[in-house]
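Structure record follows, encoded as structure tokens.
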Amino acid sequence: MKKNRVITYMAALAAAGALLAAPCQAAFAAPIKTVYRLYHPGTLDHHYTMDANEYRVLGSVGWQQEGVAWDSRDSSAVPVYRLYHEGTRDHHYTKDYNEYRVLGSVGWKQEGVAWYSDEAEGVPVYRLYHEGTLNHHYTKDYNEYRVLGSVGWKQEGVAWYGVVEDTVPVSRTPIMGVSQASVEQMAAYYRKNVGESTYPASVYTNYGAPTLQDFCTIVLEEAKAEGVRAEVVFAQAMKETGWLRFGGAVKVEQCNFCGLGAVNSAPGNAASFRDVRTGIRAQVQHLKAYASTDPLAQACVDPRFDLVKRGCAPLLEDLNGKWAVPGDGYGESIAKMIDTMLQGGR
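Mind the numbering: the sequence shown is residues -29 to -1, 1 to 317 in mature numbering (1 follows the signal peptide of the UniProt record, and there is no 0), read in order.
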């Protein structure tokens, strides 16, 4: 099936003659977005997408999420097109508008622009083809390109360009360290955003934290015990719970402040803890699992501690695609909350 499809495609390209010009788009410094890569062990195919939701959904139905493939501008004068073949269930990507047009005439479904090539030609993304599987593969890793070329893949050169990594804004926010936020700053930040009356005192009176001040004190104490920054713990808890209003798969009485175990937002999967302190301790320990290889100072209460590759995310920004999947901007959003809190804003 794949072989017949490729023969048809090549014949159509040959008959097409001269290349057609792609639609022109205005050049401007567009925002930078992530292109994700997935792999399916059943079909041996790789899939690439700039759609974080598509990346998340495919990861839940058998595709292995392989993280960031490269960075792309949200727009440029050089679009990269995506096509899909229902017979082989393959996607194909090309910046050649004539190839896109021809494939669309021989059974491929044209799916529009997938992402954009960098006009500055910053990071080359290489294309390979395997005659045995009839698959294309794309990578910015020249070593991967070289190695695959030595084991049966045909090297087809540069397919398009990603954005130079040095031009991608990167915030550096360590998870471990001495806390900068005080109990008063955390409480004030909460009040400015949702008001103290939002705090679920009627529930947490029975779980060891009857007041907002008590809650923030527990955060500071538990974070200090493991060497995790309290402002990281607090900001993440506020993001994950909607300022302790919950409303999703996790209920307020579960004292789970970071969605531990809440896979795919399915009710019943989330962990429950006996009180606020234990729930905060579990969150702190889970953060430490990601950020450090040091042993825990207190007995482990995090039910998912052993599932984490220790030390794989020392920075908040490293949690993207790890703690939250796909998590585009997850760590950065928490870092922004921390900056605002420390500056006394809302």
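Idealized CB from N, CA, C, for every residue including glycine.
Per-residue DSSP class, three states only, for Met21:
As a working note, residue 21 is residue 50 in the sequence shown. Three-state result, Met21: coil.
From Met147 to Tyr100, what distance separates their C-alpha atoms?
As a working note, residue 147 is residue 176 in the sequence shown. As a working note, residue 100 is residue 129 in the sequence shown. Rounded to the nearest angstrom, the two C-alpha atoms are 44 Å apart.
Per DSSP, the bridge partner or partners of Thr65
Looking up residue 65 in the sequence shown gives position 94. Tyr52.
Could you check what DSSP says for Lys210 in three-state terms: helix, strand or coil?
Taking the sequence shown and counting its residues from 1, the one referred to as residue 210 is at position 239. Looking at Lys210 - three-state DSSP - the assignment turns out to be helix.
Compare the Cα-Cα distances from Ala91 to each of Val135, Leu105, Asp16, Gly33 and report the closest residue.
Position 120 of the sequence shown, counting from 1, holds the residue named residue 91. If we check each option's Cα against that of Ala91, Val135 comes out closest.
Between Asn291 and the ligand GDP, is there a pair consisting of the residue's CB and a ligand heavy atom that are separated by less than 8 Å?
Although the ligand GDP was asked about, the structure shown includes no ligands whatsoever.
Considering Lys195, what are the terminal residues of the alpha helix (DSSP H) in which it resides?
Translated into the one-based positions of the sequence shown, residue 195 becomes position 224. Taken as a continuous stretch (DSSP letters only), the alpha helix (DSSP H) holding Lys195 covers 183 to 197.
Coil, strand or helix - Gln314 by DSSP:
For the purposes of this step, residue 314 is taken as the residue at position 343 of the sequence shown. In the three-state scheme derived from DSSP, where H, G and I count as helix and E and B as strand, Gln314 is classed as coil.
For Tyr261, report the span of its beta strand (DSSP E) as first-last.
Walking along the sequence shown from the start, residue 261 turns up at place 290. Annotation for Tyr261: no beta strand (DSSP E) segment contains it, though the alpha helix (DSSP H) segment containing it runs 247 to 262.
Rounded to the nearest angstrom, what separates Leu215 and Asn106 at their Cα positions?
Translated into positions along the sequence shown, residue 215 becomes position 244. Translated into positions along the sequence shown, residue 106 becomes position 135. Computed Cα separation, rounded: 48 Å.
With distances taken Cα to Cα, identify the nearest neighbour of Leu54 among Thr65, Asn164, Phe217, Asp45.
Here residue 54 refers to the residue found at position 83 of the sequence shown. Looking at the Cα atoms, Thr65 is the closest of the given residues.
List the endpoints of the continuous alpha helix (DSSP H) containing Glu127.
Taking the first residue of the sequence shown as position 1, residue 127 is located at position 156. Segment 125 to 133 is the beta strand (DSSP E) holding Glu127; no alpha helix (DSSP H) there.
Look at the alpha carbon of Val32 and the alpha carbon of Tyr178, and state the distance between them as a whole number of angstroms.
Working through the sequence shown from its first residue, we reach residue 32 at position 61. Working through the sequence shown from its first residue, we reach residue 178 at position 207. For Val32 and Tyr178, the distance between alpha carbons rounds to 38 Å.
With C-beta atoms as the reference, is Ala260 less than 9 Å away from Asp273?
In the sequence shown, residue 260 corresponds to position 289, counting from 1. In the sequence shown, residue 273 corresponds to position 302, counting from 1. Result yes, Cβ atoms of Ala260 and Asp273 sit closer than 9 Å.
Can you give the Cα-Cα distance for Ser88 and Asn227, rounded to whole angstroms?
Counting from one through the sequence shown, the residue named residue 88 turns up at place 117. Counting from one through the sequence shown, the residue named residue 227 turns up at place 256. Taken atom to atom, the span from the alpha-carbon of Ser88 to that of Asn227 is near 42 Å.
Keeping to the same chain, check which residues put their C-beta closer than 6 Å to that of Gln36; ignore five residues upstream and five downstream.
The count along the sequence shown starts at 1 and reaches residue 36 at position 65. Here Gln36 has Leu9, Gly30 as same chain residues with Cβ atoms under 6 Å from its own Cβ, once five neighbours each way along the sequence are excluded.
Mind the definition here: the segment 121 to 130 touches the segment 56 to 63 only if three or more C-beta pairs lie below 8 Å; say whether that holds.
Under the Cβ criterion (8 Å, minimum of three pairs), the segment 121 to 130 does not count as touching the segment 56 to 63.
Which of helix, strand or coil does DSSP assign to Arg98?
Numbered from 1 along the sequence shown, position 127 holds the residue referred to as residue 98. Residue state, collapsed to three classes: strand.
Alpha-carbon spacing of Gln156 relative to Tyr7, whole angstroms
As a first step, residue 156 must be located in the sequence shown, where it is residue number 185. As a first step, residue 7 must be located in the sequence shown, where it is residue number 36. Spanning the two alpha carbons is a distance of roughly 37 Å.
Candidates Ala196, Gly218, Thr188, of which the one nearest Phe205 by Cα
By 1-based counting over the sequence shown, the position of residue 205 is 234. Nearest of Ala196, Gly218, Thr188 to Phe205, Cα basis: Thr188.
If you run the structure through DSSP and keep just helix, strand and coil, what is Pro140?
For the purposes of this step, residue 140 is identified with residue 169 of the sequence shown, where counting begins at 1. Reliability fails at Pro140, whose pLDDT of 49 lies under 50, so the model's placement of it is uncertain and no value is given.
Go ahead and pull the three-state DSSP assignment for Val32.
Here the question's residue 32 lines up with position 61 in the sequence shown. The answer is coil: DSSP assigns Val32 none of H, G, I, E or B.
Beta bridge counterpart(s) of Ile3 as assigned by DSSP
By one-based count along the sequence shown, residue 3 stands at place 32. In the DSSP output, where bridge partners are listed per residue, Ile3 has Arg44.
According to DSSP, what are the bridge partners of Asn106?
Taking the first residue of the sequence shown as 1, we reach residue 106 at position 135. Looking at the DSSP output, Asn106 shares a beta bridge with His101.
Leu9 in three-state terms, based on DSSP
Position 38 of the sequence shown, counted from the start, is the residue given in the question as residue 9. Strand.
Would you list the one or two residues that DSSP bridges to Ala295?
Mapped onto the sequence shown, residue 295 falls at position 324. Under DSSP, Ala295 takes part in a beta bridge, and its partners are Asn291.
Could you tell me which residues DSSP puts in a beta bridge with Pro145?
Numbered from its first residue, the sequence shown carries residue 145 at position 174. According to DSSP, which records beta bridges pairwise, Pro145 is partnered with Leu286.
Less than 9 Å between the C-beta atoms of Val223 and Pro266, yes or no?
If you number the sequence shown from 1, residue 223 lands on position 252. If you number the sequence shown from 1, residue 266 lands on position 295. For Val223 and Pro266, no; Cβs fall outside 9 Å.
State buried or exposed for Ser173, treating a residue as buried only when at least 16 other CB atoms are found within 10 Å of its CB.
As a first step, residue 173 must be located in the sequence shown, where it is residue number 202. Residue burial annotation: Ser173 is exposed, with fewer than 16 other C-beta atoms found within 10 angstroms of its C-beta.
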